[in-house]
Amino acid sequence: MSHQYKEQHVHNEHSDDPGKFLTPFQRRLLLKNLQLELRPEYRRRIEIILLADMGQSQAQICTTLGCSQETARYWIAITQSGQAHLWDQTPVGRPKTVNDQYLDRLRELVSHSPRDFGYPFQTWTASWLSKHLAKEMGIEISDRHVNRLLKSMGLSSQQRRTACPPNDPKTANNNIVIGTLQASSLPENSSLWMFQPKLHS
Numbered sequence: 120m121s122h123q124y125k126e127q128h129v130h131n132e133h134s135d136d137p138g139k140f141l142t143p144f145q146r147r148l149l150l151k152n153l154q155l156e157l158r159p160e161y162r163r164r165i166e167i168i169l170l171a172d173m174g175q176s177q178a179q180i181c182t183t184l185g186c187s188q189e190t191a192r193y194w195i196a197i198t199q200s201g202q203a204h205l206w207d208q209t210p211v212g213r214p215k216t217v218n219d220q221y222l223d224r225l226r227e228l229v230s231h232s233p234r235d236f237g238y239p240f241q242t243w244t245a246s247w248l249s250k251h252l253a254k255e256m257g258i259e260i261s262d263r264h265v266n267r268l269l270k271s272m273g274l275s276s277q278q279r280r281t282a283c284p285p286n287d288p289k290t291a292n293n294n295i296v297i298g299t300l301q302a303s304s305l306p307e308n309s310s311l312w313m314f315q316p317k318l319h320s
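Throughout, the numbering used here is defined as the position within the sequence shown, counted from one, plus 119.
Pasting the structure below:
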């Protein structure tokens with residue numbers, strides 16, 4: 120499908136109808152930028168954003184634009200999160216590969232609440248970790264790849280800060296800590312226990 124057809128398709132379908140995610144100003148600005156001489160990668164980002172705003176699915180966008188599922192998924196998520204203005208801020212060209220700095224930052228992120236970084240939710244997902252690191256470090260990887268990296272480090276996106284050490288077996292795979300009470304930790308005053316079995320002599 121030619122760029123001319125795709126661009127005309129986006130313009131026609133996107134005339135005055137309210138979109139799902141973009142404000143009228145964002146939509147007009149993107150359509151205006153689409154008329155400029157842009158690198159193909161930037162043009163494709165705008166097209167994905169506009170088609171996603173029209174309500175097209177990932178599969179439909181991939182078919183229309185001939186782009187990869189991963190590229191479509193990433194920019195659809197950017198659109199849905201209200202960050203369409205980032206279309207020209209993420210680097211293009213040869214994708215950067217995951218390095219030690221990326222892994223260290225990933226480990227640091229999952230050890231903190233997303234709220235520490237300005238997000239309204241309390242628990243990370245692989246998708247949001249991927250988007251945050253792409254914006255911060257310019258390295259775009261899939262949600263599945265993020266999960267693989269976390270697993271290889273013995274972590275998960277559900278990691279929470281607790282009073283227990285990070286390698287404590289009691290918290291390795293759970294958010295809720297269930298410990299075994301030791302005799303020394305039991306209260307001296309047994310009247311604190313509501314149910315006390317009678318001892319038979």
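Built from N, CA and C at the ideal position, the CB exists for glycine as well.
Indicate whether Ser249 and Ser261 have their beta-carbon atoms separated by less than 8 Å.
As a position in the sequence shown, residue 249 is number 130, starting the count at 1. As a position in the sequence shown, residue 261 is number 142, starting the count at 1. Yes, Cβ-Cβ distance for Ser249 and Ser261 is below 8 Å.
Three-state class that DSSP yields for Asn152 in the structure shown
Your numbering for residue 152 matches position 33 in the sequence shown. It is helical.
I need the straight-line Cα distance from His231 to Gly237, nearest angstrom please.
Start at 1 with the first residue of the sequence shown, and residue 231 comes out as number 112. Start at 1 with the first residue of the sequence shown, and residue 237 comes out as number 118. His231 and Gly237: Cα-Cα distance of roughly 12 Å.
Unbroken alpha helix (DSSP H) run spanning Cys181, endpoints
Position 62 of the sequence shown, counting from 1, holds the residue named residue 181. That run of the alpha helix (DSSP H) goes Gln177 to Leu184.
I'd like the list of long-range same chain contacts for Trp194, defined as Cβ closer than 8 Å, with 5 residues on each side in sequence excluded.
Numbered from 1 along the sequence shown, position 75 holds the residue referred to as residue 194. Result list for Trp194: Arg164, Ile167, Ile168, Ala171 and Trp206, in chain order.
Compute the distance between the beta-carbons of Ala196 and Leu141, then report whether it is under 8 Å.
Residue numbering aside, residue 196 sits at position 77 when the sequence shown is read from its first letter. Residue numbering aside, residue 141 sits at position 22 when the sequence shown is read from its first letter. Cβ distance not < 8 Å, so Ala196 and Leu141 don't count as in contact.
With a threshold of 6 Å on Cβ separation, who are the neighbours of Ala282 within its own chain once the five nearest residues in sequence on each side are excluded?
For this step, residue 282 is matched to residue 163 along the sequence shown. Summary for Ala282: the model assigns pLDDT 38, below 50, so the residue's position carries little reliability, and this model does not support an answer.
Does DSSP classify Met256 as helix, strand or coil?
Translated into positions along the sequence shown, residue 256 becomes position 137. Helix, per DSSP.
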